[in-house]
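In the numbering used here, the protein residues as written are 57 to 555.
Laid out in structure tokens, this is it:
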């Protein structure tokens, strides 16, 4: 999502390799940079939206004395320097006090006006070498034009003569093959026009002849083109040698542009999902207000539906939320929303939640969601689940966030529920933060009497038999199995017996 919005390769790599951060100051800085860029994208029109070109690779290669930049690389360097200058000017001209983090980031950037002037003396606005890039090149290209003019006049005269003699079609025109001017002649008459046959048409009915009178002129033009390429190479080498002493500073500027490209991509993603900057709390807490799962929201939007926002709070007193409720009622979505928002935040992304939300920073996130059985070790789903629980119990502490979906499921309910309760008790006593989903009643009872665990239930419209996807904190959820059974018309005797 972020990678596709980056233009520079190193920015794309940065997006793909984003690290889970635990340093509060660094996370706050990254969020501030992204949030400032989000505001720029939404409200400003003067910030560059193009010119984010990759120069890092060839700037690094300038360390090699034998390396020189080709024309395309010089043009890319020109574009990048223009973009950096535009970014720098944007912040210099912006209101005092606005975008402080981005301004601070841009302050040390060097603009290299002397390099830009040198490039402008070599390349035209299309990125091609100018005729006057050097006196020698100007002389060579002037000679090429003179010689080509002579050839054009000479071959036009020859073509008219050949046409008058009926050796070429009256509508025939001079053709260019491999940089040489040729006249098209019918194959039957090819011996009647002195010269060298260079090519023939696909049908074989026409041959392309270089008349003997212009062979020497064409050879001279070819030699001049070789001289032109040698002079261009000389210009490129001289420019690269001029550039080499600036290599360390140019590398810093290229890295700055890559960083801006990355921040801008994150900000564009934030705008697309209406994300904002929440409050980063020094306390151990998780207070999500109107949080939304961005991927689910995008899917629902395509279907013309709206997502139900999640509001929940955990703190040092109530640090584990136990969610219960009917199948397909939204339990797993709540859990995944919490995990995704926390992970986004700790990789420096803005989150789709109210900006009054408060997020603590966790050192670890432990996740057990779905069937993660190992075929290699022939572990069952439940064995895999227990293996994860063993690892969580070893590693997790009060600075950890634990996310467990369908806690204890996958085995005989009585034993599974008992083990799950014992494990939940251990997590509770360790002070771990967590969101756990379950159907087990004994876990709901534990949460009701525990100091550190709180129940949460997914609301359900029994009358219309449909989930409301809304979490209610403080009360356990129900599977609504009996209500559903009655609603669909199952025998009342059977339902009563079951109850």
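We treat Cβ as the ideally placed atom computed from N, Cα and C, and that holds for glycine.
Residue 347 and residue 393 closer than 8 angstroms at C-beta: yes
Sorted by chain position, which residues of the same chain lie with C-beta nearer than 6 angstroms to residue 251's C-beta, five sequence neighbours on each side aside? 265, 266, 267 and 268
Reduced DSSP category for residue 168 - H, G, I as helix; E, B as strand; rest coil: coil
Reference residue 213; option with closest CA among 229, 329 and 201: 229
Whose C-alpha, out of 137, 408 and 460, is nearest the C-alpha of residue 444? 460
Between residue 83 and residue 404, is the Cβ-Cβ spacing less than 8 angstroms? yes
Do the stretch 161-174 and the stretch 309-329 make contact, defined as three or more Cβ pairs closer than 8 angstroms? yes
I need the boundaries of the beta strand (DSSP E) containing residue 553, first residue and last residue. From DSSP, residue 553 is part of no beta strand (DSSP E) but of the alpha helix (DSSP H) over 548-554.
Collapsed DSSP secondary structure at residue 374 in the structure displayed: coil
Here's the rule: buried if 16 or more other CB atoms are within 10 angstroms of the residue's CB, otherwise exposed. What is residue 560? Lying outside 57 to 555, the shown extent of the chain, residue 560 is not represented and no answer is given.
Could you tell me which residues DSSP puts in a beta bridge with residue 347? 366
Endpoints, the alpha helix (DSSP H) within which residue 209 is located: 191-220
Spell out a yes or no on whether the stretch 61-68 and the stretch 290-306 are touching, meaning 3 or more CB-CB pairs, one atom from each, closer than 8 angstroms. no
Within the stretch 470-550, ranges of the beta strand (DSSP E) (whole runs, at least 3 residues): 489-493, 509-517 and 522-529
Residues near residue 339 in its chain [Cβ-Cβ closer than 7 angstroms; skip 5 each side]: 416
Looking only at its own chain, which residues have a Cβ that is under 7 angstroms from the Cβ of residue 60, when we skip the five neighbours before and after it? none
Stretch pair the stretch 171-181 + the stretch 230-244: three plus CB contacts closer than 8 angstroms: no
So, do the stretch 534-547 and the stretch 504-523 have three or more beta carbon pairs nearer to each other than 8 angstroms? yes
Measure the C-alpha to C-alpha separation of residue 399 and residue 102 and round it to an integer number of angstroms. 32 angstroms
Beta-carbon contacts of residue 512 that lie in its chain and below 6 angstroms, excluding the five residues immediately before and after: 377, 379, 527 and 529
Are three or more beta carbon pairs between the stretch 73-82 and the stretch 406-424 nearer than 8 angstroms? yes
By a C-beta neighbour count over all protein chains shown, 10 Å radius and 16 as the cutoff for buried, is residue 220 buried or exposed? exposed
Going by alpha carbons, who is nearest to residue 139 out of 217, 311, 70 and 289? 311
Do the CB positions of residue 141 and residue 111 come within less than 8 angstroms of each other? no
Name the residue from 469, 308, 408 and 334 whose alpha carbon lies nearest to the alpha carbon of residue 324. 408
Helix, strand or coil for residue 188, going by three-state DSSP, please let me know. helix
Taking residue 256 as part of the beta strand (DSSP E), name the residues at either end of that continuous run. 251-256
Residue from 272, 499, 349 and 191 with nearest C-alpha to residue 390: 349
What number of angstroms, rounded off, separates the C-alpha of residue 428 from the C-alpha of residue 93? Low per-residue confidence applies at residue 428: pLDDT is 46, beneath 50, and the placement is therefore not dependable enough to give any value.
Under 8 angstroms between C-beta atoms of residue 130 and residue 179: yes
Leaving out the 5 sequence neighbours to the left and right, which residues in its chain are closer than 6 angstroms to residue 543 when beta-carbon positions are compared? 521
In chain order, what residues of the same chain have a beta carbon less than 7 angstroms from the beta carbon of residue 433, not counting five sequence neighbours either side? Below a pLDDT of 50, predicted positions are generally treated as unreliable, and residue 433, at 43, falls in that range; no measurement from the model is reported.
Between the Cα of residue 291 and the Cα atoms of 190, 361 and 356, which residue gives the shortest distance? 190
Quick check on this structure: which residue in 458, 106, 345 and 234 has the alpha carbon closest to the alpha carbon of residue 143? 106
Residue 393, enclosing beta strand (DSSP E) - first and last residue: Not the beta strand (DSSP E): residue 393 falls in the alpha helix (DSSP H), residues 387-401.
Residue 335 burial status per 10 Å Cβ neighbour count (16 or more: buried): exposed
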